[in-house]
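Participant: I'd like to ask you about the structure that follows.
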Amino acid sequence: MRLFLKIVFTVFALQGIGQLTLKPIQKVQKIQKIENIKGRTSELTLGARFIKNTLPFWDDFSITPNGTPDSVRIWGMDTTRQWNLKNSRGVFVNSTLAINPPSYRVVTFDGLDANGQFYGEEQGLTDQLVSDTLELGLYNEADELYLSFYWQAGGNVERPDEGDSLILELYNLSEDEWETVWSMDGSQADTDFIFYQEAIRLEQRFITDTAMFRFSSYGDQNGPFDAWHLDWIYLNGNRAADDFFYQDVSVNSEISILFDPFRSVPLNQIDLAGLPASVEATSMNLNEEPDRIGLNLKYTLKIIDLETKKSLFSGVELIEDLTTFFNSDPLVIDAVGTVTYENVSLSGIPSGDSVVLQALISIDTTNIKFLDNSPVNLRVNDTIRTQYLLQDFYAYDDGTAEYAVGTNILGGQVGVQYWVNQPDTLTHIDIYFPNIVPSSDGRAIILKIFNDLEDSGPLISQAITINTANDINQFERYQLDRSLIVSDTFFITYEQNINEFIGIGFDRSNPEASGYIFEALDDQWVRNKRIRGAIMIRPVFKSGLDLVLGSGKDEFDNYSIYPNPADEFLKVSGDYQKIEIRNLSGQLILAQEKQEVHDLSTLDMGLYLVFIYNDLKVVTRKLIKR
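Just so you know, the sequence shown maps onto residues 44 to 669 in the working numbering.
Right, dumping it as structure tokens:
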């Protein structure tokens with residue numbers, strides 16, 4: 044059974060509430076792209092080499108260049124290359140910071156630059172998203188060119204205040220200047236959970252062969268504050284003023300966590316952990332009339348072993364009655380549907396060192412023939428995929444940090460609650476210490492393990508030295524002074540001995556994890572009620588080794604690959620000469636000599652084997668490309 048903490052609220056304990064704070068960290072994952080971003084440059088240089096595009100212009104930020112979902116795709120880049128990377132700055136494509144977007148993922152504007160650092164300490168220009176040049180010379184004002192987009196203020200992060208703003212500008216070639224055609228002040232954005240649509244008709248002075256537009260945010264330049272989110276940016280002709288409904292039905296959220304509230308669980312705990320009674324995702328319908336598509340659509344859920352492709356949960360087809368959710372107002376998204384699969388269970392999970400599960404929800408739109416003639420491909424957001432690594436650790440987080448969380452109080456303590464379903468041996472703790480300012484590198488904290496936080500002392504109390512990550516989302520593994528057998532609930536905590544902020548990675552994608560975070564002063568523990576997300580601290584059981592194929596543990600200790608899962612790049616630790624990446628059939632996909640960063644941008648999503656060569660020795664690791 045799970046043992047939950049009984050909290051005793053005393054006057055002194057209440058003083059500890061609110062000590063946990065969030066700070067920004069590096070948020071761009073494509074580190075090889077950063078050098079192309081011109082920092083504080085905001086003025087467009089017309090002599091730059093632009094990629095010219097024609098209509099339609101559309102981006103819902105849900106796909107990557109190879110057409111598969113990617114949680115860290117930046118700039119909305121796809122095969123049309125429609126955004127100008129050189130003159131854009133700081134925007135962040137993500138799936139967690141907005142609430143009920145029109146489709147999966149949004150682009151977020153805030154007070155952090157492309158490296159996740161402050162722009163400054165003042166109020167002023169923050170992020171910008173600039174289009175590439177559009178050749179509109181064959182059009183005129185009578186062609187009814189409209190630029191439309193959905194926007195939200197705040198969402199899951201701080202809402203803009205009065206004086207903060209988001210603006211849209213169009214380029215006037217004859218005057219050689221940008222003109223503001225729409226703006227929103229923070230004082231007008233009175234809700235943080237609704238997306239609104241705006242539609243701007245292009246006047247003749249903007250319809251040229253050098254047409255461009257840009258979005259800019261203004262606000263606090265010193266953090267992830269005053270946030271705005273954009274989605275479904277669409278520019279095309281022949282758009283009547285009252286035609287701003289779209290034949291788009293999409294899955295617009297992450298799939299609910301299979302092992303709720305954990306993202307990952309040890310493989311040997313699976314049989315007893317079970318699954319939730321249901322698996323859910325939300326779906327968005329941008330249509331005015333549900334019968335414009337048809338009253339029913341098929342949503343299919345599949346869960347497979349990504350390595351063997353074996354089905355662990357037979358695809359369940361659910362008929363969703365679209366009359367239950369559609370938007371009557373084209374300018375306000377006020378309805379979202381929930382797709383629910385009941386009685387989900389797994390069968391036949393293989394044994395071994397690790398398993399990667401993939402959950403997939405797709406909408407069958409093959410019979411909606413009018414989508415074949417749509418000016419944009421509205422089928423690109425019909426499928427959502429999520430991978431789950433089952434190995435030797437528990438994790439509330441998905442491996443990607445949006446912020447750092449911590450306290451700056453001498454004697455401040457932070458804890459995370461876990462439990463096992465059968466007795467197991469706890470040997471290591473993984474912690475992600477992001478590289479932030481001020482740096483905590485080399486400082487010591489006291490790591491403690493408890494059975495409960497009320498009555499008993501720690502089972503283990505040991506000092507550990509903080510090794511801040513060299514790269515984003517890179518965990519540091521700490522071995523316990525002695526192994527612990529845990530059989531029920533336990534708490535991993537740490538105590539700091541300085542009045543400075545010590546930050547640990549914080550993932551916003553799992554709000555369910557919020558209830559398992561605690562903070563304390565003088566051992567008076569209080570359950571977190573302020574921040575929503577997961578602290579990136581993970582208990583590791585048994586060997587605590589990385590994914591290894593083969594035998595001989597000692598010789599493999601110095602080799603690891605990270606991040607894993609990986610998106611656009613991979614790093615390898617240890618002494619080696621080259622790597623080979625092969626698919627599960629043994630086919631060579633990629634071979635590279637030793638280098639600081641290995642480029643994975645050409646790899647499709649899936650499971651691969653990485654062969655690391657050093658003289659006569661070959662080390663093999665499993666890699667998830669997402």
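Ideal Cβ positions, reconstructed from N, Cα and C, are used throughout, including at glycine.
On a predicted model such as this, the values are computed, not experimentally measured, just so you know.
Leaving out the 5 sequence neighbours to the left and right, which residues in its chain are closer than 8 Å to Asp658 when beta-carbon positions are compared?
Facilitator: For Asp658, where only same-chain residues beyond five positions count, the Cβ hits under 8 Å are Gln620.
Participant: Tell me which residues share the same chain as Pro501 and place their Cβ nearer than 7 Å to its Cβ, disregarding the 5 neighbours each side in the sequence.
Facilitator: Excluding sequence neighbours, Pro501 sits near Lys491, Ile492, Phe493.
Participant: Can you tell me the Cα-Cα spacing of Asp252 and Asn183, whole angstroms?
Facilitator: Going from the Cα of Asp252 to the Cα of Asn183 covers about 11 Å.
Participant: Helix, strand or coil: how does DSSP classify Gly349 here?
Facilitator: Just to set this straight, residue 349 is Leu in the shown sequence, not Gly. Coil, per DSSP.
Participant: Taking one C-beta from the stretch 572–583 and one from the stretch 462–471 each time, how about it: are there three or more such pairs within less than 8 Å?
Facilitator: Verdict: yes, contact present.
Participant: Identify which residue in Gln160, Gly154, Ser174 has its Cα closest to the Cα of Lys129.
Facilitator: Minimum Cα distance to Lys129 is reached at Ser174.
Participant: So, is Val661 buried or exposed, given that buried needs 16 or more other C-beta atoms within 10 angstroms?
Facilitator: Classification for Val661: exposed.
Participant: What residue ranges within the stretch 598–654 form continuous beta strand (DSSP E) runs of no fewer than 3 residues, ordered along the chain?
Facilitator: DSSP runs (the beta strand (DSSP E)) wholly in the stretch 598–654: 603–605, 612–616, 621–625, 631–636.
Participant: Might you give, ordered along the chain, the residues of its own chain that have their beta carbon closer than 7 Å to the beta carbon of Ser390, omitting 5 neighbours on each side?
Facilitator: Hits under 7 Å: Leu355.
Participant: Assess contact between the stretch 233–251 and the stretch 369–378, defined as three or more Cβ pairs (one per stretch) separated by less than 8 Å. Is contact present?
Facilitator: They touch, by the three-pair rule.
Participant: Please identify the residue among Lys341, Asn370, Ala402, Tyr384 whose C-alpha is closest to the C-alpha of Lys352.
Facilitator: For the residues Lys341, Asn370, Ala402, Tyr384, the minimum Cα distance to Lys352 belongs to Ala402.
Participant: Less than 8 Å between the CB atoms is what I'm expecting for Leu273 and Val150, so what's the real figure, rounded?
Facilitator: The Cβ separation is near 5 Å, so the contact holds.
Participant: Check whether the Cβ atoms of Ser321 and Val294 lie closer than 8 Å to each other.
Facilitator: Cβ atoms of Ser321 and Val294: not closer than 8 Å.
Participant: When you compare each of Phe561, Asn424, Thr532, Ser388 to Gly449 by their alpha carbons, which one comes out closest?
Facilitator: Checked all of Phe561, Asn424, Thr532, Ser388; the closest Cα to Gly449 is Phe561.
Participant: Can you check which of these residues, Phe249, Leu245, Leu216, Gly206, is closest to Ser230 by C-alpha distance?
Facilitator: For the residues Phe249, Leu245, Leu216, Gly206, the minimum Cα distance to Ser230 belongs to Gly206.
Participant: State whether the stretch 504–518 contacts the stretch 464–482, with contact taken as three or more CB pairs (one from each stretch) at a distance under 8 Å.
Facilitator: Yes, the stretch 504–518 touches the stretch 464–482.
Participant: Could you check whether the Cβ of Ile528 sits closer than 7 Å to any heavy atom belonging to the ligand NAD?
Facilitator: Among the ligands in the structure shown, none appear at all, so the ligand NAD cannot be discussed.
Participant: Under the rule that 16 or more other beta-carbon atoms within 10 Å means buried, what is Gln264, buried or exposed?
Facilitator: Its Cβ being crowded by 16 or more others within 10 Å, Gln264 is buried.
Participant: In whole angstroms, what separates the C-alpha of Tyr261 from that of Val134?
Facilitator: The straight-line gap from Cα to Cα measures roughly 13 Å.
Participant: Using the Cβ count rule (16 or more neighbours within 10 Å means buried), how would you classify Ile528?
Facilitator: Exposed is the call here.
Participant: Which whole-angstrom value describes the C-beta separation of Gln456 and Glu538, a residue pair presumed to lie in contact below a C-beta threshold of 8 Å?
Facilitator: Confirmed, about 5 Å.
Participant: To the nearest angstrom, report how far apart Tyr189 and Ile250 are at their CA atoms.
Facilitator: Between Tyr189 and Ile250, the C-alpha separation is close to 11 Å.
Participant: Over what stretch of residues does the beta strand (DSSP E) that includes Met327 continue unbroken?
Facilitator: Looking at the DSSP string, the run of the beta strand (DSSP E) that includes Met327 is 321–328.
Participant: Check whether the Cβ atoms of Arg248 and Ser208 lie closer than 8 Å to each other.
Facilitator: No.
Participant: Are Arg551 and Glu445 close, meaning C-beta to C-beta below 8 Å?
Facilitator: Yes, Cβ-Cβ distance for Arg551 and Glu445 is below 8 Å.
Participant: Per DSSP, what kind of secondary structure is Phe302 in: helix, strand or coil?
Facilitator: Strand at Phe302.
Participant: What's the gap between the Cα of Pro108 and the Cα of Val423?
Facilitator: Because Pro108 carries a pLDDT of 39, less than 50, the predicted location of this residue cannot be relied on, and no value is offered for it.
Participant: State the Cα-Cα distance for the pair Val459 and Thr426, rounded to the nearest angstrom.
Facilitator: Approximately 33 Å, taken between the alpha carbons.
Participant: Assign Glu402 to one of three DSSP states: helix, strand, or coil.
Facilitator: The amino acid at residue 402 is misidentified as Glu; the sequence shows Ala. In this structure, Ala402 counts as strand in the three-state DSSP scheme.
Participant: Going by Cα to Cα distance, which pick from Leu400, Phe533, Phe268, Asn626 is closest to Thr169?
Facilitator: Closest option to Thr169, Cα to Cα, is Phe268.
Participant: Apart from the five residues on each side of it in sequence, which residues of its chain come closer than 7 Å, Cβ to Cβ, to Ile574?
Facilitator: Closer than 7 Å at Cβ, skipping near neighbours: Leu63, Leu65, Val448, Ser557.
Participant: Thinking C-alpha only, which one of Ile547, Glu497, Phe549, Lys614 is nearest Trp568?
Facilitator: Cα-wise, what sits closest to Trp568 is Glu497.
Participant: When the Cα atoms are used, what is the spatial distance from Ile507 to Ile243?
Facilitator: Using only the alpha carbons, I get a separation of about 57 Å.
Participant: In angstroms with no decimal places, state the Cα-to-Cα distance between Asn542 and Arg669.
Facilitator: Near 39 Å, if we compare the C-alpha coordinates of Arg669 and Asn542.
Participant: Mind checking whether Ile622 and Leu650 have CB atoms under 8 Å apart?
Facilitator: Not a contact, by the Cβ cut-off of 8 Å.
Participant: DSSP three-state label for Ser390, please.
Facilitator: Here Ser390 sits in coil by DSSP.
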